[in-house]
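Chemist:
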Amino acid sequence: MALLEIQKLSKEYMMGQQSLLALDNVSLGIGKNEYVAITGSSGSGKSTMLNILGCLDKPTAGKYILNDKDVSELNPDELAEIRNREIGFIFQSFNLLPRASALANVMQPLIYRGMKQKDRKKAAEQALRHVGLGDRMDHLPNQLSGGQRQRVAIARALVTKPSILLADEPTGNLDSRTTIEIMKLFDELHAQNQTIIIVTHEPEIADHCHRIIRLEDGHVAEDRMKAA
Amino acid sequence: MMFDIYESLVSALRSIRAHGFRSFLTTLGIIIGVAAVIAMVAIIQGFSYSVNQQLSGLGSNSLTVQSYTPLSERLQGRIARISTDDLDLISRRVEGIASITPVLYSQGGLNQIHYGSQLTSAQIAGTTYSYQDVGRLFAKYGRFISDIDNVTRRRVAVIGESTRNNLALPENPVGEFIKVGDEWVRIIGLMESRGQIFGQDQDNFLLLPFSTMRTLIGNQIQPDIFIQMSVSELGDLEEIRARITTLLRNAHGLTTEDNDFQVQSSEQLADTVNTILGSVTLVMGGIVGISLLVGGIGIMNIMLVSVTERTREIGICKAIGAKRHQILLQFLFESLLLCLLGGFVGLLIGYGIGAAASAAIPGFPSAVVPFWAVILAFGFSAAVGLIFGIMPAAKAANLDPIEALRYE
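For the protein sequence lines, the chains are A and B, in the order given. The first sequence begins at 0 in numbering that gives the first Met the number 0 and counts up one residue at a time. The second sequence begins at 0 in numbering that gives the first Met the number 0 and counts up one residue at a time.
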C-alpha cells in the first residue's frame with residue numbers, strides 16, 4: 000500500500016510570457032517506511048517536487064494522493080492542516096525561529112494543532128532528547144552550532160509524528176563531520192520505521208537511502224532500489 | 000478559537016517585548032494622543048468644576064439684575080442704568096424674594112486705599128446688610144455692615160484678608176482708620192478668606208455701606224447699580240425673572256423688543272461657561288483625533304515593516320502548519336496590544352499632566368479623569384490598533400509559504 004501516490008502530475012510556471020514546465024506528467028508512489036532520495040541537477044524539477052510533496056504548492060495538473068486523501072484540490076488552510084499533521088519539514092538553512100529557544104521552536108507546530116502548553120512542552124522535550132539535545136533546550140538558535148540547529152529542526156519535524164519526513168538538502172550547510180552525524184540520525188529514524196524523503200544533489204547523501212529517484216527536465220529519469 | 004486567540008496573544012506579547020524600544024517609538028503617537036486627551040479632559044473637567052463651584056457660591060437660587068447697553072446704543076451716547084428706584088420697585092412689587100441687596104461698584108479712579116504709608120488698590124463696592132447672605136461672607140473679626148450703618152451713612156468699611164495684608168494692617172484691623180479716596184473710614188470687620196478662583200484673588204475687596212458709597216462717588220443722581228437677590232423657592236426662579244423683566248420694561252418705558260437690562264441666574268452663567276467649555280473640548284478633541292490618526296498610521300507603517308522583516312518567519316510558521324487566521328490574529332493582536340499599551344501609558348502621562356496643571360493653577364480642584372474618558376481613550380486606541388493593524392496582518396496571512404521561505 001502506497002503512503003503517497005502522484006498520478007500524471009504536472010507543474011507549469013509562468014515566467015512572464017514564457018511558460019516553464021517544471022514537472023511533466025510524473026507518476027510515482029512511495030510506500031510506508033521507505034527511505035527515498037530525490038536527486039537531480041539544478042533545474043531538474045526536484046525543488047518543485049519537494050514543494051508539491053510537502054503540500055506547499057499545488058500541481059497544475061494531475062493528482063497527489065497522500066494517505067488515501069486527494070490533497071491536490073485543497074485550499075490553503077486545508078493544506079496547512081495537512082502540513083501540520085502529515086509532513087515534517089527539514090530545510091537546508093534550518094529555518095528555526097530566531098527569537099525562540101530550541102524548546103519553543105519544537106513546540107511551535109503543536110500550537111497550530113491546538114495542543115495545550117503543558118502537553119506541548121512534554122512532547123517537545125521528548126523530541127529534543129530523541130535527537131540528542133536534551134541539555135540544550137533553552138538555547139537560542141544563534142547559540143547552537145549548525146549540526147545542533149539541524150537537530151532542533153529534525154526534532155521540530157518529528158514532534159508532530161508526521162507520516163513523511165521531508166528533507167531539503169539537510170546537510171547542505173554543514174561540514175563533513177556534522178553531515179555524517181546528521182545522516183546517522185536519519186538512518187536511525189528510518190530504522191524506527193519513519194518514512195523519509197531526502198531531496199539532494201549529493202550522491203553521498205543519496206547513498207544512504209534505499210531508493211533513489213533521479214529527475215531530469217521534469218521527468219523521472221531513474222527510479223532504482225539500492226541493493227540491500 | 001479561544002485557544003488560537005490565547006496563543007496569538009502570547010506570541011504577540013513576546014514579539015513586542017523582543018523589540019522593546021521600537022515598540023515604544025511605534026506607540027509614541029498613541030501615547031501622545033491619549034495623554035493629550037486625558038490631560039485635556041482632566042483640566043477642562045477641573046475648570047468646569049471650579050466654575051460651577053464658584054457660581055454655586057452665589058447660590059443656585061440667586062438672580063442678578065444689571066444694566067445692559069447694546070453697542071449701537073452706546074455709540075449714540077446712551078447708557079442704560081439700573082437705579083435705586085428699580086431696586087425699590089422690585090423689592091415692593093415682586094413676591095418670593097428672600098433677600099435683595101444693591102451693589103454699587105466704584106467707578107473711575109476710586110479704587111485706592113491708604114493706610115499710613117501703605118497704598119493698595121482693591122475692588123471697592125457699596126452694599127447693604129443682605130449682601131452677607133448673597134456673597135457668602137463671614138466675619139473673622141468685628142462684624143458686617145449693618146442697616147444702621149446704611150441709614151446713618153457711617154464712614155465704616157469691611158475688608159478682605161488680602162486687602163488687610165496689602166495695607167500691612169494688624170492681624171485684627173478692627174478700629175483702624177484707612178483712607179478710601181479722600182475719605183477716612185473706620186474698619187469694622189475683617190472677612191474670612193475665600194481663597195482664589197482661576198488665580199483671581201477673592202479676598203482683595205473693601206465694602207462700604209451703600210449710602211456711604213453713594214456719597215463717596217459724588218452723589219450722582221442715579222448711579223448704575225447691580226441688584227443681587229435670592230429667591231425663597233428655587234421653582235419660582237423663572238417666574239420671578241419674568242416678573243422682574245416685565246416690571247423693569249414698564250418702568251423704563253421700553254417699546255422695542257430689546258431690554259436695557261439683564262436678569263441672570265447663576266445657573267444661566269454656568270450654562271454659558273459650560274457651552275464654551277464644550278466647544279473648546281470639541282476643537283481640542285478634533286486636534287487630538289488627528290494626532291491619534293497620525294499615531295495609527297505610524298503603527299501601520301511599523302507593522303508593515305515588521306511583516307516584511309519577518310517574512311521568512313511567517314514562511315516557516317506556514318510550512319509547519321500555521322493557518323491564515325492564526326498568522327492574522329498574531330499580527331492583529333500585536334498592533335492592538337501596541338495601541339492599548341500606548342493608550343495605558345498615555346493615560347498615566349495624561350493624568351500626570353492634568354494633576355500637575357491643576358496643582359499649578361491656584362483654586363483648581365485636584366485632577367479628576369472621568370471613567371468615560373478612560374473608556375474613550377482605550378476604545379479609540381483599540382480601534383486605531385484594529386483598523387491600522389488589519390492591512391499588515393492580512394498581508395502577513397496571505398503570504399505564499401514558498402515565496403516567504405525563499406525570502407532573504
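Just so you know, even glycine gets a beta-carbon here, dropped at the ideal spot from N, CA and C. None of these values were measured; they are calculated from a predicted model.
For threonine 177 of chain A, tell me which candidate among A:Arg150, A:Gly113 and A:His189 has the shortest Cα-Cα distance.
Modeler: Selected option, being the one with the closest Cα: A:Arg150.
Chemist: Would you list, in sequence order, the uninterrupted alpha helix (DSSP H) runs of no fewer than 4 residues that lie entirely inside the segment 178-264 of chain B?
Modeler: Taking only runs of at least 4 residues, the alpha helix (DSSP H) segments lying wholly in the segment 178-264 of chain B are 209-215 and 236-250.
Chemist: Here's the rule: buried if 16 or more other CB atoms are within 10 angstroms of the residue's CB, otherwise exposed. What is glutamate 94 of chain B?
Modeler: By the neighbour-count rule (16 or more Cβ atoms within 10 Å), glutamate 94 of chain B is not buried but exposed.
Chemist: What residues from chain A crowd round lysine 317 of chain B, counting only those whose CB sits closer than 9 Å?
Modeler: Within 9 Å Cβ-Cβ: Leu55, Pro75, Ala79 and Arg82.
Chemist: Examine the Cβ distances between the segment 233-246 of chain B and the segment 176-193 of chain B and report whether three or more of them are shorter than 8 Å.
Modeler: No: the two stretches stay apart, fewer than three of their Cβ pairs being nearer than 8 Å.
Chemist: Check whether chain A comes within 7 Å of glutamate 407 of chain B, counting only Cβ atoms and requiring the distance to be less than that.
Modeler: Not one chain A Cβ lies under 7 Å of glutamate 407 of chain B.
Chemist: Write down every uninterrupted run of the alpha helix (DSSP H) in the segment 126-150 of chain B whose length is 4 residues or greater and which is fully enclosed by it, in chain order.
Modeler: Segments of the alpha helix (DSSP H) lying fully in the segment 126-150 of chain B: 130-133 and 146-150.
Chemist: Kindly list the residues whose CB is nearer than 7 Å to the CB of leucine 337 of chain B, restricted to its own chain and excluding five residues on each side of it in sequence; keep chain order.
Modeler: Contacts found: Ile15, Ser22, Thr25, Thr26, Ile298 and Gly384.
Chemist: Just verifying my parser: in three-state terms, what is the DSSP assignment at tyrosine 34 of chain A?
Modeler: Looking at tyrosine 34 of chain A - three-state DSSP - the assignment turns out to be strand.
Chemist: Can you give me, in chain order, the residues of the segment 106-139 of chain A that have a beta carbon less than 8 Å from any beta carbon in chain B?
Modeler: Going along the segment 106-139 of chain A in chain order, one finds Gln107, Pro108, Ile110, Tyr111, Arg112 and Gly113 with a Cβ nearer than 8 Å to chain B.
Chemist: Would lysine 57 of chain A pass as a contact of threonine 194 of chain A if the rule is Cβ separation under 7 Å?
Modeler: Against a cut-off of 7 Å, the Cβ pair of threonine 194 of chain A and lysine 57 of chain A comes out as no contact.
Chemist: Once the 5 residues before and after proline 161 of chain A are set aside, which same chain residues still bring their CB inside 6 Å of it?
Modeler: Cβ neighbours of proline 161 of chain A beyond the five flanking positions: Glu85, Ile86 and Gly87.
Chemist: Specify, as a first and last residue, the run of the alpha helix (DSSP H) that histidine 129 of chain A falls within.
Modeler: It spans 116-129 - the alpha helix (DSSP H) in which histidine 129 of chain A sits, taken as one unbroken run.
Chemist: How is the beta strand (DSSP E) around alanine 166 of chain A delimited, first residue to last?
Modeler: From DSSP, the beta strand (DSSP E) with alanine 166 of chain A extends over 163-167.
Chemist: Any Cβ of chain A within less than 7 Å of the Cβ of lysine 322 of chain B?
Modeler: Yes - at least one Cβ of chain A is within 7 Å of the one on lysine 322 of chain B.
Chemist: Closer than 8 Å by beta-carbon distance: list the chain B residues that pair up with phenylalanine 88 of chain A, in chain order.
Modeler: Going along chain B in sequence order, the residues near phenylalanine 88 of chain A (Cβ under 8 Å) are Ala318 and Ile319.
Chemist: Touching or not, the segment 264-283 of chain B and the segment 342-362 of chain B, by the rule of three or more beta carbon pairs under 8 Å?
Modeler: No, the segment 264-283 of chain B is not in contact with the segment 342-362 of chain B.
Chemist: Any residues in the segment 388-407 of chain B with a beta carbon nearer than 8 Å to a beta carbon of chain A? Which ones, in chain order?
Modeler: Flagged, chain order: Pro400, Ile401 and Leu404.
Chemist: From the beta carbon of arginine 98 of chain A, is the nearest beta carbon of chain B less than 7 Å away?
Modeler: Chain B contact via Cβ: present.
Chemist: Measuring only the C-alpha atoms, how far is glycine 64 of chain B from methionine 190 of chain B?
Modeler: A quick correction: the sequence has valine, not glycine, at residue 64 of chain B. Taking the straight line joining both Cα atoms gives about 25 Å.
Chemist: With three or more beta-carbon pairs closer than 8 Å as the criterion, would you say the segment 327-347 of chain B touches the segment 379-398 of chain B?
Modeler: Touching, yes, given that three or more Cβ pairs across the two stretches are closer than 8 Å.
Chemist: Tell me whether the beta-carbon of valine 150 of chain B lies closer than 7 Å to the beta-carbon of threonine 126 of chain B.
Modeler: Contact: no.
Chemist: Which value, in whole angstroms, describes the spacing of the CA atoms of glutamine 17 of chain A and aspartate 69 of chain A?
Modeler: Taking the straight line from one Cα to the other gives about 30 Å.
Chemist: So if I threshold CB-CB distances at 9 Å, which residues from the segment 295-317 of chain B count as touching chain A?
Modeler: Of all residues in the segment 295-317 of chain B, Arg311, Glu312, Gly314, Ile315, Cys316 and Lys317 have a Cβ within less than 9 Å of some Cβ in chain A.
Chemist: Select from the segment 152-164 of chain A all residues with a C-beta closer than 9 Å to any C-beta belonging to chain B, and list them in chain order.
Modeler: Those residues of the segment 152-164 of chain A that come within reach of chain B (Cβ to Cβ, closer than 9 Å) are Arg155, Ala156 and Thr159.
Chemist: Measuring straight from C-alpha to C-alpha, what distance separates isoleucine 89 of chain A and glycine 342 of chain B?
Modeler: If I take the Cα positions, the gap works out to 42 Å.
Chemist: Using a Cβ-Cβ distance under 7 Å, would asparagine 94 of chain A count as near chain B?
Modeler: By this cut-off, asparagine 94 of chain A is an interface position.
Chemist: List, in order along the chain, the chain B residues whose C-beta lies closer than 7 Å to that of asparagine 50 of chain A?
Modeler: Within chain B, the residues near asparagine 50 of chain A are Ile401.
Chemist: What is the DSSP secondary structure of isoleucine 360 of chain B, counted as helix, strand or coil?
Modeler: If DSSP states are grouped into helix, strand and coil, isoleucine 360 of chain B belongs with coil.
Chemist: Would you mind reading off the limits of the alpha helix (DSSP H) that contains lysine 317 of chain B?
Modeler: Per DSSP, lysine 317 of chain B belongs to the alpha helix (DSSP H) from 310-318.
Chemist: Based on Cα-Cα distance, which residue from B:Leu268, B:Leu206 and B:Ser82 lies nearest to arginine 152 of chain B?
Modeler: Cα-wise, what sits closest to arginine 152 of chain B is B:Leu206.
Chemist: So isoleucine 313 of chain B packs on alanine 372 of chain B, CB below 8 Å; how close in whole Å?
Modeler: Actually they do not touch by this definition, with Cβ atoms about 38 Å apart.
Chemist: Using the rule of at least 16 other Cβ atoms within 10 Å of the residue's Cβ for burial, across every protein chain shown, is leucine 8 of chain A buried or exposed?
Modeler: By the 10 Å Cβ count, leucine 8 of chain A comes out buried.
Chemist: Please report how far the alpha carbon of lysine 139 of chain B lies from the alpha carbon of glycine 188 of chain B, in whole angstroms.
Modeler: When rounded, the distance between both Cα atoms is 7 Å.
Chemist: Would you mind working out which of B:Cys316, B:Met390 and B:Ala366 sits nearest serine 7 of chain B, comparing C-alpha positions?
Modeler: Nearest of B:Cys316, B:Met390 and B:Ala366 to serine 7 of chain B, Cα basis: B:Cys316.
Chemist: Closest to serine 144 of chain A by CA distance: which of A:Ala156, A:Glu180, A:Val158 and A:Lys115 is it?
Modeler: Of the candidates A:Ala156, A:Glu180, A:Val158 and A:Lys115, the one whose C-alpha sits nearest the C-alpha of serine 144 of chain A is A:Glu180.
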